[in-house]
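Participant: Let me give you the structure first, and then I'll get to my questions.
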Amino acid sequence: MDGLRSREFGASADGAWTSEAPARVWLPAEAPLDMPRHGLAEDGAPPPVPRPRGLALRRTVMLTATLGLSLLAFLTPARVYAEDGFTALEIIALCLFSALIIPLSGWFCSAFAGLVLQIVRGDRDHFEFPERPRRPQVRTALLMPLYNEDAGAAFARLARIDQGLRDLDAAGAFDLFILSDSTCPEAAEAEWAAFHSFRLSAACRTFYRRRETNTERKAGNIADWVRRFGGAYPHMVILDADSLMSGDTLLHLVDAMERNPRAGLIQTAPAIINAETLYQRVQQFGVRLYGRVAATGLAWWTGPESAYFGHNAIVRVRAFAESCGLPVLPGRKPLGGHVMSHDSVEAAYLRRQGWSVHMTGALPGSYEEAPPGLQAFLARDRRWCQGNMQHIRLLTAAGLHPMSRLQMLIGVMAYLASPLWFLALLTGLIIQFQTEPRLLEISTLHGWRTIVEPRQDGLVVIWMAALSWFLLFGPKLFGSLLALGRRRDREAFGGAGFILPGVALEMVMSMVMAPIMMVSHTRMLIEIFSGRDSGWRPQQREAGRMRWSEAFAAHAWEVRAGVVFAAALLARPDLTLVFLPIVLPLLAAPAISLLGSRTTIGAAARRAGFLLTPEELDLVPRPARERRPVSVPSPAGLAGALPEAA
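Structure below.
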């Protein structure tokens, strides 16, 4: 059985049948690889790695543009508040505004850089992916961790990956590993049955292992595989249960790793597919339309210290083994214990050991799926929030590259921005309540009428809100302009008549979701810093039928916050223009969550032509000739030709 060990069928080492109890294992011979744990301290600076030309200049431009834009945004409220002298609350408001506007400006400038690069050089990036990747010289492992997932759906995605590699005559260069952490007996039984059905027809060699204990969750699952089998594989591609990657993309990733021996990790920019509900469709359309400029800009200035999302990425196995044995953080959960958001830490640790970490937005064919509704997304986001708060303790870890620290800080600020925004709104309200609105009598055709004259500090609130929205939605505008301005992309989305309605609906939905996310993240942080652990629950991937009572219970905090702001507006109606986009979504949060999770509404939006993507329209741009790897032999011939280790 080519070195396989199958205790499920009771096969002993010499091939004789035994009565040993099934263990649900179908594995190759082990190839152990040492993977030591690394603490928070590390002597010395990170070793240098190959860097793109002009990287220091790129980062200088990004820093200058971000600080310059932030300063321009800051000057207007600072000048108005300074006219009558700063009060304590005004100083607090300016500090909160600065803490929010700097990351927003950075996000805006990064996306603008991505837009410029896309216009100037298209999809070409640091790796200069050839049209036809070279023949794989080694075997690559594709790892799909499972945790109480829908086995049928997961293996259907694997079947598409396997078929894509078969079509390119490259299946012999890849081995598939299903790494189960499932605790539900029914889920495990379904996995085992689906595995055997899949294995019989798969072109790639396929293996299955179910862990008896779930130590360290997904990070521990991957580490267990590395320690047992990593010595046989130079590269591994890490997937999620909802991941899908084309054979062409996989071959390009392997080729890029072979051409760049100091590359420890290359992260693709996954698009979202298979959206059914309105919430999923909004996410799918937004990521597909705007994601390219975001990924291109991020890759441009982060260079070899870029981001890792934990899936849809290729990793050099030996680099991962020597670098990414994660520490156990001191103290109790939720901030102590095993690292939850392991991906950012693994990227930082790879760079600390002298390996580069890259992002590429130049490869299509990398996909994932979105949670079916807002509540399912927030349940997943709760775990991410807790994991990112653990990174606060890792920001000062010795030996990390400054850009790695910045990447983790960006992840922390993604959640801390919500309570800062909430506090900024409350501070602005309190400042307004300390000053009475000034009444002004104006002459009309029918006599005199009294109106409320806007105060200078009231205009400051409007300025802050308007500028924040502009910086937040600027990257969406850039992505839209890119698609509308390029004939290939415009046709892929079905033309401007499909793009513009989708952009309008997506932006409206994003504005509606923003205040809900603000309150939800604030609640998460209060719970985390109060000592509440998120646990580890299976991720909801299929749309369910949410009841109104469940929706109101899930969004009670948002409704209460909306009531507070609405009461304030009754006393100060002159602020309605500023706060209405905040108040209405909060009050309607249960309805938004419930209706957004309905497949019927998502289907209606699709039939009406809203939020359509090239994959749905079947108008994805295809190359002039089929991309096939150079001189890739058949799977049978390749099985014995590739070395088992680098």
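Take the sequence shown: its letter number 34 is residue 56 in our numbering, and every next letter is one higher. Even for Gly, the Cβ is constructed at its ideal location relative to N, Cα and C.
Please report the distance separating the alpha-carbon of Arg315 from that of Ala505.
Facilitator: The identity of residue 315 in the sequence shown is Val, whereas the question assumes Arg. About 10 Å.
Participant: At the level of alpha carbons, what is the spacing between Thr299 and Glu638?
Facilitator: Those two C-alpha atoms are separated by around 14 Å.
Participant: Using a Cβ-Cβ cut-off of 7 Å (strictly less than) and excluding sequence neighbours within five positions of Phe520, which residues of its own chain qualify?
Facilitator: Closer than 7 Å at the Cβ level, and outside the excluded window around Phe520, lie Gly631 and Leu634.
Participant: Tell me the DSSP secondary structure of Ile623 in three-state form.
Facilitator: Ile623: helix per DSSP, three-state reduction.
Participant: Span of the beta strand (DSSP E) holding Met435?
Facilitator: Run containing Met435: none in the beta strand (DSSP E); it sits in the alpha helix (DSSP H), Pro424 to Phe455.
Participant: Rank Asp56, Ser223 and Tyr437 by C-alpha distance to the C-alpha of Met540 and give the top, closest one.
Facilitator: Per the Cα distances, Tyr437.
Participant: Please tell me whether Asn170 and Ala209 are closer than 9 Å, where the distance is taken between their beta carbons.
Facilitator: In contact: Asn170 and Ala209 (Cβ atoms closer than 9 Å).
Participant: Just to check, is the beta-carbon of Gly128 closer than 8 Å to a non-hydrogen atom of the ligand SAH?
Facilitator: The model depicted lacks the ligand SAH and carries no ligand whatsoever.
Participant: Quick one: is Val367 buried, meaning 16 or more other Cβ sit within 10 Å of its Cβ, or exposed?
Facilitator: Val367 comes out buried.
Participant: Asp24 by DSSP, collapsed to three states: which one?
Facilitator: Low confidence applies to Asp24: its pLDDT is 43, below 50, so where it sits in the model is not reliable, and the reading given next is rough at best. Three-state DSSP puts Asp24 in coil, outside helix and strand.
Participant: Can you have a look at Pro352 and say buried or exposed, based on whether 16 or more other CB atoms are within 10 angstroms of its CB?
Facilitator: Result: exposed.
Participant: I'd like to know whether the C-beta atoms of Leu55 and Gly359 end up nearer to each other than 9 Å.
Facilitator: No, the Cβ-Cβ distance between Leu55 and Gly359 is not below 9 Å.
Participant: First and last residue of the beta strand (DSSP E) that includes Asp197?
Facilitator: Element bounds for Asp197: Phe196 to Ser202.
Participant: Closest to Phe492 by C-alpha separation, out of Ala343, Glu549, Glu564 and Ser127, would be which residue?
Facilitator: The shortest Cα separation from Phe492 among Ala343, Glu549, Glu564 and Ser127 belongs to Ser127.
Participant: Where does the unbroken beta strand (DSSP E) through Met381 begin, and where does it stop?
Facilitator: Note, Met381: beta strand (DSSP E), Ser378 to Met381.
Participant: Can you tell me the Cα-Cα spacing of Arg404 and Met546, whole angstroms?
Facilitator: Computed Cα separation, rounded: 6 Å.
Participant: Below 8 Å, how does it come out for the region 46-54 and the region 225-232: are there three or more Cβ pairs, yes or no?
Facilitator: Contact between the region 46-54 and the region 225-232 is present, because at least three Cβ pairs lie under 8 Å.
Participant: Go ahead and pull the three-state DSSP assignment for Leu467.
Facilitator: Residue placement at Leu467 is poorly supported in this model, since its pLDDT is 48, which falls under 50; the coordinates still yield a value, given next. Residue state, collapsed to three classes: coil.
Participant: Inspect the beta-carbon positions of Thr290 and Ala341 and report whether they are closer than 9 Å.
Facilitator: Contact: no.
Participant: DSSP on Val714, reduced to helix/strand/coil?
Facilitator: In the structure as shown, the chain begins at 23 and stops at 668. Residue 714 is therefore absent and cannot be evaluated.
Participant: Which runs of the beta strand (DSSP E), 3 residues or longer, sit entirely within the region 173-239?
Facilitator: Those beta strand (DSSP E) runs which fall completely within the region 173-239 and span 3+ residues are 196-202 and 227-232.
Participant: Does DSSP classify Tyr169 as helix, strand or coil?
Facilitator: In the structure shown, Tyr169 sits in coil (DSSP, three-state: anything other than H, G, I, E or B).
Participant: Quick check for students: name the residue ranges of the alpha helix (DSSP H) that lie wholly in the region 510-582, counting only runs of 4 or more.
Facilitator: Within the region 510-582, the complete alpha helix (DSSP H) runs of at least 4 residues are 518-551 and 570-576.
Participant: Can you give me the Cβ contacts of Val309 inside the same chain, cut-off strictly under 7 Å, excluding the 5 residues immediately before and after it?
Facilitator: Result list for Val309: Ala293 and Ile294, in chain order.
Participant: Could you tell me if Gln456 is buried or exposed, where buried requires 16 or more neighbouring beta carbons within 10 angstroms of its beta carbon?
Facilitator: Exposed: under 16 other Cβ atoms inside 10 Å.
Participant: Return helix, strand or coil for Thr635, following the three-state DSSP convention.
Facilitator: It is coil, neither helix nor strand.
Participant: Near Ser426, what residues of its chain come up, given a Cβ to Cβ distance below 6 Å and the 5 sequence neighbours on each side ignored?
Facilitator: Glu327, Ala370 and Arg373.
Participant: Do Val581 and Ala536 have their C-beta atoms within less than 9 Å of each other?
Facilitator: Their beta carbons are not under 9 Å apart, which means Val581 does not touch Ala536 by this criterion.
Participant: Mark Gly107 as exposed unless 16 or more other C-beta atoms lie within 10 angstroms of its C-beta, in which case mark it buried.
Facilitator: Gly107 is exposed by the Cβ-count criterion.
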